[in-house]
Amino acid sequence: MTPDPTRPSHRTATPEPCIVPGCGGDSVRHLALSEAKRAFPLLPDQGRRAPLCRAHYKQWKKGTKESRDLARLGR
Ligand SMILES: [Zn+2]
4 MTPDPTRPSH RTATPEPCIV PGCGGDSVRH LALSEAKRAF PLLPDQGRRA
54 PLCRAHYKQW KKGTKESRDL ARLGR
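Oh and the sequence shown: position 71 is 74 in the working numbering, straight run, nothing missing.
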């Protein structure tokens, strides 16, 4: 492999794009795909991990919190 002169060579970890279709933002968190699907049922089945950007991670936290509340209400 030849080092790419246009990029700093010490930067090996490129952030994966957010898995939510149409987003593609830099991921800040990785969830298990099954966990992410609790808030985003439309996610593609690719791999077992789901990278999420900051905004979608927030949305996931909100979404799973709501579903926990609903579960407590017996629905
Ligand atoms: Zn996103």
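From the three backbone atoms N, C-alpha and C, an ideal C-beta is built for every residue, glycine too.
Spatially closest choice to Gly28 from Pro44, Arg41, Lys64 and Thr17, by CA coordinates
Comparing Cα-Cα distances from Gly28 to each of Pro44, Arg41, Lys64 and Thr17, the minimum goes to Thr17.
- Status (buried if at least 16 other CB within 10 Å, exposed otherwise) for Ala35: A residue is called buried once 16 or more other Cβ atoms fall within 10 Å of its Cβ, and Ala35, having fewer, is exposed.
Start and end residues, beta strand (DSSP E) containing Arg52 = Element bounds for Arg52: Arg52 to Cys56.
inquiry  = Any heavy atom of ligand 1 closer than 7 angstroms to the beta-carbon of His59?
reply    = It does: the Cβ of His59 is within 7 angstroms (strictly closer) of some heavy atom of ligand 1.
Lys40 to Cys26 span [Cα, whole Å]: Annotation: Lys40 to Cys26 spans about 16 angstroms, alpha carbon to alpha carbon.
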